[in-house]
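**Student:** Take this structure, written in structure tokens, and hold onto it; I'll ask about it next.
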Amino acid sequence: MHRGRTSQYLALRFAVSGPLHRKAGVALTPAAGSGRLRAVSAPDARPWRLPLPELTDVINISFFDRACVVTAHACGLRRSGLDDLLYGPDHIVQSIDALHYANHDRQVRREMRLLTVGPDEKGAELAEQQRRIQQQLGAARHLVKQRRIAELTAAGALMPTRPTDDPRQVARAWLGRFLSEEKEALVRDIAMAAGVPPAAYIHIRSIRQKISKAIDIGWLTAPVSDPVKQVLALDDVGFRGRVLADAGKQNGRDDVLCHPLVLNRWREQLQAVIGDLKPGSCGRTLTGPHAVPAHSRHSAASLRQFHDRRRLFTALLQRREECTMLITQLNDALTLAERRAPSYLQLKRAADLAYDELVRRHPVLYRHIRAALQPYETRYGRLNLPGSRSNLRRHVFAELERLHGTPPHGRTLHTR
């Protein structure tokens, strides 16, 4: 979770604790001969020219300096050590965030240029910068994807790209889904008999419950502090205000919004606010800014209003990308922690035994599912479903309801 990078970096680099606020034109650097910090004038308007140790400090403290450096790098700047500083495993997420900002910044500046001046050389220069930034952004996101796939593959956590075509496995899985509560009880009993700790086999029914469990058993280090509890208790109006206030800041962001228990609500609220701003900000799509009409007469007030709305809208798009990355990181962390838990293999074995027991207990239901799948089996005994597998499953479950009568154990029919 990279939102608190400034305070975390200062604590690690200079053993500083407590809130620190950087004033305009002031940089924080260690005082000579001591571990303390002292305020000095900003050394250079072009921070990429700083010695690498100083540049490291600057871009980890100031978001705008990082955005300046990633833009220069995207536009052709090269120097020893810069690639790793910006796109190494510990830095790439922050740099992608800065690239999103730089991309939207060029877009808004181009739009304002078209509205006030019309097409000109400066507008073409901004367009070229934006093109290069977008290329670098695509390359950085591809690199993150490659690293993520490598890490999850090494942990054996990647799901198969295609569902199984073994009709026996599909029938077992559908039977377990149809008799979900009975299956959960079987898994619990088998795991208990195998000595698995109770906390490991409690069935999870929501993402929030899953995150809470991960925090409780130590998979995630994310204390539910008083500020987090206050945000969790906010109504929709109060939470939206918090989201909008955060979008108006780049350096001093609201760290509470990236708490694992808040992330999904943050994403939902971002999507809602972006949708509300859409008619006056981005035309017909939610995907991002768009080109505006060429130069025409506009009052200063209308231009300012347009500029402010566009800045807010692009900041919200940037936050949505950040939130999505954080949710991906959270899901990966939970997956890897679950795979590394001592009880993982025991629970997997318990689930296999539970499916076998369901087939033994309910042979009529199992045979009915196999019969429904039989028309889609090839001569080699593999499934070849031309349509939607979920639609067929819904149809089969409806037949099982009629065949079985009242759902066992108060089961609720699953349709997805």
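Residue 21 is where the sequence shown starts when you use the numbering used here, and the numbers rise one by one after that. Where is the CB? At the ideal position from N, CA and C, for every residue including glycine.
#1: Between N351 and E131, what straight-line distance do the alpha-carbon atoms span, to the nearest angstrom?
#2: Which of the three DSSP states, helix, strand or coil, is assigned to L252?
#3: Following the continuous alpha helix (DSSP H) through T344, name the residue where it begins and the one where it ends.
#4: For L163, which option in E397, Q291, V90, P109 has the closest C-alpha, if you only look at C-alpha atoms?
#5: Identify, in the order they occur along the chain, each residue of the same chain with its Cβ nearer than 6 Å to the Cβ of K233, setting aside the five sequence neighbours on each side.
#6: Return the Cβ separation of R225 and R287 in integer angstroms, given the expectation that the two are a contact with Cβ distance under 8 Å.
#7: Check whether the segment 387 to 398 and the segment 165 to 183 touch, using three or more Cβ-Cβ pairs below 8 Å as the test.
#8: Mind checking whether L281 and L252 have CB atoms under 8 Å apart?
#9: DSSP three-state call for S301: helix, strand or coil?
#10: Just to confirm, are R324 and V293 a CB contact at a threshold of 8 Å?
#11: If you drop the 5 nearest sequence neighbours on each side, which residues of the same chain put their C-beta closer than 6 Å to that of L72?
#12: Helix, strand or coil, according to DSSP, for L403 in the structure here?
#13: Does the Cβ of Q250 have 16 or more other Cβ atoms within 10 Å, making it buried, or fewer, making it exposed?
#14: What residue does the alpha helix (DSSP H) around E201 start on, and which one ends it?
#15: Looking only at its chain, what residues have a beta carbon closer than 6 Å to the beta carbon of G53, apart from the 5 residues adjacent to it on each side?
#16: Tell me whether the segment 109 to 121 and the segment 78 to 90 touch, counting them as touching only if at least three CB pairs, one residue from each stretch, are closer than 8 Å.
#17: Hey, would you say the C-beta of Q270 is under 7 Å away from at least one heavy atom of the ligand ADP?
#18: What residue range is occupied by the uninterrupted alpha helix (DSSP H) comprising G158?
#19: Taking Cβ to Cβ, would you say R413 is nearer than 8 Å to W194?
#20: Is A220 closer than 8 Å to A370 when the C-beta atoms are compared?
#21: Which word fits Y439, buried or exposed, when buried means at least 16 other C-beta atoms lie within 10 angstroms of its C-beta?
#22: How far does the alpha helix (DSSP H) with L70 in it reach, from first residue to last?
#23: Can you tell which of I235, N271, R285 has the C-alpha that lies nearest to the C-alpha of G258?
#24: Name, in chain order, the residues that DSSP records as bridge partners for E397.
#25: Assuming C88 is part of the alpha helix (DSSP H), what are its boundary residues?
#26: Among Q156, L157, V128, Q154, whose alpha-carbon lies nearest the alpha-carbon of G143?
#27: Do F84 and Q338 have their C-beta atoms within less than 8 Å of each other?
#28: Is W286 helix, strand or coil when you go by DSSP?
#29: Hey, out of L403, H111, L367, whose CA is closest to I222's CA?
#30: Short of 7 Å in beta carbon distance, which residues of its chain neighbour E358, apart from the five on each side in sequence? Order them along the chain.
#31: What is the rounded straight-line gap between the Cα of A242 and the Cα of I235?
#32: Quick check: the Cα distance between L403 and R422, rounded to an integer number of angstroms?
#33: Do L336 and L290 count as a contact pair if the criterion is CB distance below 8 Å?
#34: Would DSSP call V113 helix, strand or coil?
#35: If you reduce the DSSP assignment to three classes, tell me which class Q291 lands in.
#36: Exposed or buried, which one is P187 when buried takes at least 16 other CB atoms within 10 Å?
**Tutor:** This is what the structure gives:
#1: Annotation: N351 to E131 spans about 37 Å, alpha carbon to alpha carbon.
#2: Three-state result, L252: helix.
#3: Note, T344: alpha helix (DSSP H), 320 to 360.
#4: Nearest option by C-alpha distance: P109.
#5: Closer than 6 Å at the Cβ level, and outside the excluded window around K233, lies no residue.
#6: With a Cβ gap of about 20 Å, R225 and R287 do not count as contacting.
#7: Not touching, per the Cβ criterion.
#8: Taking a C-beta distance under 8 Å as the contact criterion, L281 and L252 qualify as a contact pair.
#9: Because S301 carries a pLDDT of 45, less than 50, the predicted location of this residue cannot be relied on, and the following value inherits that uncertainty. In this structure, DSSP gives S301 a helical state, which the three-state scheme calls helix.
#10: In this structure, R324 sits away from V293, with a CB-CB distance that is not shorter than 8 Å.
#11: So the qualifying residues of the chain are G101.
#12: Three-state DSSP puts L403 in a strand.
#13: When all chains shown are included, Q250 counts as exposed.
#14: Where E201 is concerned, the enclosing alpha helix (DSSP H) stretches over 200 to 213.
#15: Note on G53: pLDDT 42, under 50, position unreliable in the model; the coordinate value appears next. Cβ within range, chain order: n/a, list empty.
#16: Yes, the segment 109 to 121 touches the segment 78 to 90.
#17: Among the components modelled here there is no ligand, and therefore nothing to report on the ligand ADP.
#18: Taken as a continuous stretch (DSSP letters only), the alpha helix (DSSP H) holding G158 covers 141 to 174.
#19: Cβ atoms of R413 and W194: closer than 8 Å.
#20: No. Outside cutoff.
#21: This structure cannot speak to residue 439, because the chain is shown only from 21 to 436.
#22: Looking at the DSSP string, L70 is not in any alpha helix (DSSP H), and its letter there is neither H nor E.
#23: Looking at the Cα atoms, R285 is the closest of the given residues.
#24: DSSP lists L403 as partners of E397.
#25: Element bounds for C88: 83 to 94.
#26: Selected option, being the one with the closest Cα: V128.
#27: No, Cβ-Cβ distance for F84 and Q338 is not below 8 Å.
#28: Here W286 sits in helix by DSSP.
#29: Out of L403, H111, L367, L367 has the C-alpha closest to the C-alpha of I222.
#30: The residues are Y364.
#31: Rounded to whole angstroms, A242 to I235 spans 6 Å at the Cα level.
#32: C-alpha separation (whole angstroms): 25 Å.
#33: Cβ atoms of L290 and L336: closer than 8 Å.
#34: In the structure shown, the three-state DSSP call for V113 is helix.
#35: Annotated three-state conformation of Q291 is helix, per DSSP.
#36: By the neighbour-count rule (16 or more Cβ atoms within 10 Å), P187 is buried.
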